[in-house]
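Residue numbers (the working numbering): 1 to 215. Don't be surprised by glycine CBs; every beta carbon is placed ideally from N, CA and C. Below: one structure, written as structure tokens.
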Amino acid sequence: MHSTKATTSPLGGYSSIPAAPSPTPNTTPNHDNEQERFEREAMPHRNYLYRVALRLTWNSDEAEDLVQDTFLKAWRFFDKFQPGTNCRAWLFRILRNSYATSMVRTCRNPQGRLPECFEERRASPQDNPEYQCCQRHFDDEVTRALESLPPAFRRMVLLCDVEGFHYEEIAHMEGCPIGTVRSRIHRGRKILREALQVYAGQYGYHPVHFNGPVA
């Protein structure tokens, strides 16, 4: 059972966190303490985790709660983290599992749909009313296209095309073969492309086909 520390913990502005577990007999002594190692290894990824959480929840408050929960669990089980391995991937798995658990517990988005609060993000005013109207129509189509993806496809497409992770990194995060990552991203992109091409055709836009680089 872990004791509780005050907010001078590695979480900075977050709430109190459990005290670091005592080293086990098999643990190699470190020159710095557990809190310093946590700050060095885990805390640099806080902004990344918030971006991922925001894309999962589309709500800043829920994203902050999810990140806080992730760091609480990471701190509690930091003795299980293997130094020298990918800390970002380890934290991502904790965040992903926390999010999945919260979805089951609260019965929100049982079909893996994007939350309705995405509407609030799209409703921000623009100086140009015509642009605002067009942008909203486009966002509607993007939302529907994303919702049409199976959750695993959508997550991998976002990790690759938005967050910029390589296939190898995503495979490590998701705990699956790299071939599975390649297949899901390819199929996810294909679904999105086909859905948005239908939308573009309805508004008079037609895809341009390139046969190769221009000499």
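Excluding its 5 nearest sequence neighbours in each direction, F165 has C-beta neighbours in its own chain below 6 Å: L159, listed in chain order.
Looking only at R96, R189, A195, the smallest Cα-Cα distance to R144 is reached by A195.
DSSP places N47 in the uninterrupted alpha helix (DSSP H) bounded by 46-57. A straight line joining the alpha-carbon of G84 with that of Q197 spans about 44 Å.
Secondary structure note for A171: its alpha helix (DSSP H) is the uninterrupted segment 167-174. Residues C160, I178, V181, R182, I185 of the same chain have their beta carbon placed closer than 8 Å to that of Y167, with the five preceding and five following residues left out of the count.
In the three-state DSSP reduction, L149 falls in the coil class, being neither helix nor strand. Per DSSP, reduced to three states, the secondary structure at T143 is helical.
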